[in-house]
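S.K.: Got a structure for you, questions after.
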Amino acid sequence: MADEVVLLDYWASPFGMRARIALREKGVKFEYREENLRDKSPLLLQMNPVHKKIPVLIHNGKPVCESMNVVQYIDEVWSNKNTILPSDPYQRAQARFWIDFIDTKVYEPADKIWFTTGEVQETAKKDFIEALKILEAELGDKPYFGGDNFGFVDIAMTGYYSWFQTFEKCANFSIEPECPTLMASAKRCFFLISLVSGQPLSQISPEEVQRPSSKDVKSLWPGFEAGWRTPQPRFHYHQATKPGSAKRCLQRKTVVDSVPGPDELFALAFKLRKEYGV
Amino acid sequence: MNQEEQVQLLGLWGSPFSKRVEMVLKLKGISYEYIEEDVYVKKSHLLLNYNPIHKKVPVLVHQGRSIAESLVIVEYIEDTWKTNYPMLPHDPYERSMARFWAKYVDDKVMLTLWKACWGPESVREKMVEEACEGLKYLEEELGDKQFFGGETIGFVDIAADFIAYWFGIAQEASGVMIMTAEAFPRLQRWSRNFVGNNIIKEVLPPKEKLMALFKAQFGNNAA
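Structure, rendered in structure tokens:
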């Protein structure tokens, strides 16, 4: 019997992105259903009556809720490929600890940064950076939080990485000077998003950014038509195309396919702020 | 060296979070060294060393490495000592349900129950309403099962230890009655089963001591 996999989701949700990435990491065919969060579908209300939130994974009619619970479920069911959680109990415990940290200490200020102003926003910025610094210390010089492998904690963070530019614009600050290693990790994903998925890019002067040579790009991603458009501000692509880090990006097509462009997210944030008079 | 001889637990006598870990260690028959941390008075070097991020108990130390956050610790114990008294179901879907309900208790229900007892009068009614909503979902999920884990104590029962024991005492101390037998007969029955379990009851802190603590710390905020 073929598996029926449906994901109830919202395109901009960092939590939804986690589920999407996990499904793609495992090569699971699924039906993506966009939810209007202001007019939630009867299916969503039926499948997640307690929280009424996305993402909800519906596997052969049975719902799984809460993003990291969904990711763990995906890892356990489709266990033959691209392991997400480590097998060692201590490493698993560490991964779970950092998820708990991210979903409290990063989430709470992050939610305030883009949607408040004044002192509340300033405090949120401070708390956010403090939390990111702790994460950066944990990352160290590992390519991923999962060590050599893109794993549980990386998936959790990728959703937030997509919102970094929006946070920076809404609260007028820069994350990179505070957390360069973490940003390098985030940039690797954004580099590919800009190049490959054709998301709208902001206009900046070409002199500000060094472009990788099209030879570099073609060698890293065979078959890619280097239709290089206006590059994204602040990302120094030349640095990002060091073979090691770029190769890691290549394996992360799952991220590229699952995460919207930063400009789209900022446009949404801007619209919501205006609507709510923030 | 015996794996179990290297288990230490930094805990606090009255904490439901700390007790979650002790309950699981005892149910699985794992011996450990217990170290009481008087976190409100002074945090020891050991605690600050083993949990530098949150500086809280419980912390489990096993083979020299520390694990923090009570439900993370419970899953670690489950992963490491798989065969004795399994806390999580084998089936991935059932496991995801257990994790969902444990998180629901941990993130949402415990706080609303506490606020319903001790929150300011102005929001008391709303807090009681929210508390009842949370308990209703749990009452429904429990159904006719003896425990959330079925016939034996499981992950969700452990996560809900506060509801089974501490909450009853908090209600008595504050005078705010929410989880009555009339409104929540299944949860009441479950609570008696849980607290009456031979292993669990050895671990629970004394009722009089908790009552005195609640009245002293929070009694003035009530009404």
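Chains as they are written, first to last, in our numbering: chain A, 1 to 278; chain B, 1001 to 1223. Heads up, the beta-carbon is just placed ideally off N, CA and C, and yes, glycines get one too. Since the model is a prediction, treat every value here as computed from it, not as a measurement.
Quick check: what's the CA-CA separation for Asp111 of chain A versus Gly27 of chain A?
M.R.: Here residue 111 of chain A is taken as the residue at index 111 of the first sequence, counted from 1. Here residue 27 of chain A is taken as the residue at index 27 of the first sequence, counted from 1. Between Asp111 of chain A and Gly27 of chain A, the C-alpha separation is close to 31 Å.
S.K.: Taking only beta-carbon atoms, is Val1024 of chain B less than 7 Å away from chain A?
M.R.: As a position in the second sequence, residue 1024 of chain B is number 24, starting the count at 1. Taking Cβ atoms only, chain A never reaches closer than 7 Å to Val1024 of chain B, which makes this a no.
S.K.: Give me whichever residues DSSP pairs with Cys170 of chain A in a beta bridge.
M.R.: As a first step, residue 170 of chain A is located in the first sequence; it is residue number 170 there, counting from the start. Answer is none; Cys170 of chain A lacks a bridge partner.
S.K.: Based on the DSSP output, what are the partners of Phe1147 of chain B in its beta bridges?
M.R.: Residue numbering aside, residue 1147 of chain B sits at position 147 when the second sequence is read from its first letter. For Phe1147 of chain B, which the question treats as bridged, DSSP gives the partners B:Gly1150.
S.K.: If you drop the 5 nearest sequence neighbours on each side, which residues of the same chain put their C-beta closer than 7 Å to that of Lys81 of chain A?
M.R.: Here residue 81 of chain A corresponds to residue number 81 of the first sequence, with the count starting at 1. Correct list, in chain order: Lys26 and Gly27.
S.K.: Would you kindly report the start and end of the unbroken beta strand (DSSP E) that includes Tyr1034 of chain B?
M.R.: In the second sequence, the residue the question calls residue 1034 of chain B occupies position 34. First-last of the beta strand (DSSP E) with Tyr1034 of chain B: Glu1033 to Glu1036.
S.K.: Closer than 7 Å by beta-carbon distance: list the chain B residues that pair up with Ala19 of chain A, in chain order.
M.R.: Residue mapping note: residue 19 of chain A aligns to position 19 of the first sequence, counting from 1. Simply none; closest approach about 12 Å.
S.K.: May I ask which residues mark the beginning and end of the alpha helix (DSSP H) holding Ser1018 of chain B?
M.R.: Residue numbering aside, residue 1018 of chain B sits at position 18 when the second sequence is read from its first letter. Residues Pro1016 to Leu1027.
S.K.: Alpha carbon to alpha carbon, how far is Gln94 of chain A from Asp75 of chain A? Give it in angstroms, no decimals.
M.R.: Translated into positions along the first sequence, residue 75 of chain A becomes position 75. Translated into positions along the first sequence, residue 94 of chain A becomes position 94. Between Asp75 of chain A and Gln94 of chain A, the C-alpha separation is close to 17 Å.
S.K.: In the region 74 to 92 of chain A, which residues sit with their C-beta less than 7 Å from some C-beta in chain B, listed in chain order?
M.R.: Going along the region 74 to 92 of chain A in chain order, one finds Glu76, Val77, Pro89, Tyr90 and Arg92 with a Cβ nearer than 7 Å to chain B.
S.K.: Here's the rule I'm using: 16 or more other beta-carbon atoms within 10 Å means buried, otherwise exposed. How should Ser1070 of chain B be labelled?
M.R.: In the second sequence, residue 1070 of chain B corresponds to position 70, counting from 1. Classification for Ser1070 of chain B: buried.
S.K.: Since Ser1018 of chain B meets chain A, which of its residues come closer than 8 Å, beta carbon to beta carbon?
M.R.: Within the second sequence, the letter at position 18 stands for residue 1018 of chain B. None at all; the shortest Cβ gap to chain A is about 16 Å.
S.K.: State yes or no: is the beta carbon of Val28 of chain A nearer than 7 Å to at least one beta carbon in chain B?
M.R.: Here residue 28 of chain A refers to the residue found at position 28 when the first sequence is read from its first residue. For Val28 of chain A, the answer is no, since every Cβ of chain B falls outside 7 Å of its Cβ.
S.K.: Please determine if the region 28 to 42 of chain A and the region 1090 to 1109 of chain B are in contact, where contact requires at least 3 C-beta pairs separated by less than 8 Å.
M.R.: Not touching, per the Cβ criterion.
S.K.: So, for Cys65 of chain A: in the same chain, excluding its five sequence neighbours on each side, which residues have a beta-carbon less than 6 Å away from its beta-carbon?
M.R.: Position 65 of the first sequence, counting from 1, holds the residue named residue 65 of chain A. Counting only Cβ-Cβ distances below 6 Å, and skipping sequence neighbours, we find Asn48 and Val56.
S.K.: Could you give the residue range of the beta strand (DSSP E) that holds Arg1065 of chain B?
M.R.: Here residue 1065 of chain B corresponds to residue number 65 of the second sequence, with the count starting at 1. Counting along the chain, the beta strand (DSSP E) containing Arg1065 of chain B begins and ends at Arg1065 to Ala1068.
S.K.: Output the distance between the C-alpha atoms of Leu1138 of chain B and Val1072 of chain B, rounded to the nearest integer angstrom.
M.R.: The residue labelled residue 1138 of chain B in the question sits at position 138 within the second sequence. The residue labelled residue 1072 of chain B in the question sits at position 72 within the second sequence. Taking the straight line from one Cα to the other gives about 22 Å.
S.K.: Can you name, in chain order, every residue of its own chain whose Cβ lies under 6 Å from the Cβ of Glu176 of chain A, other than the five neighbours on each side?
M.R.: Residue mapping note: residue 176 of chain A aligns to position 176 of the first sequence, counting from 1. Closer than 6 Å at the Cβ level, and outside the excluded window around Glu176 of chain A, lie Met183.
S.K.: Run through DSSP, which three-state label would Lys1043 of chain B get?
M.R.: Numbered from 1 along the second sequence, position 43 holds the residue referred to as residue 1043 of chain B. Of the three classes helix, strand and coil, the one that applies to Lys1043 of chain B here is coil, per DSSP.
S.K.: Which chain A residues sit within Cβ distance under 8 Å of Pro1092 of chain B?
M.R.: For the purposes of this step, residue 1092 of chain B is taken as the residue at position 92 of the second sequence. Chain A residues near Pro1092 of chain B: Tyr73, Glu76 and Val77.
S.K.: Write down the C-beta distance between Asp1157 of chain B and Phe1148 of chain B rounded to the nearest angstrom, noting that I regard them as a contact closer than 8 Å.
M.R.: Stepping through the second sequence from its first residue, residue 1157 of chain B is reached at position 157. Stepping through the second sequence from its first residue, residue 1148 of chain B is reached at position 148. Yes, they are in contact, since the Cβ atoms of Asp1157 of chain B and Phe1148 of chain B sit about 5 Å apart, within 8 Å.
S.K.: Quick one: is Thr158 of chain A buried, meaning 16 or more other Cβ sit within 10 Å of its Cβ, or exposed?
M.R.: In the first sequence, residue 158 of chain A corresponds to position 158, counting from 1. Buried, since its Cβ has 16 or more Cβ neighbours within 10 Å.
S.K.: Which residues bound the alpha helix (DSSP H) around Leu139 of chain A?
M.R.: Here residue 139 of chain A is taken as the residue at index 139 of the first sequence, counted from 1. Unbroken alpha helix (DSSP H) run through Leu139 of chain A: Gly118 to Leu139.
S.K.: Could you pull out every unbroken alpha helix (DSSP H) segment of at least 4 residues lying fully inside the region 1137 to 1197 of chain B, listed in chain order?
M.R.: Segments of the alpha helix (DSSP H) lying fully in the region 1137 to 1197 of chain B: 1155 to 1159, 1167 to 1174 and 1185 to 1196.
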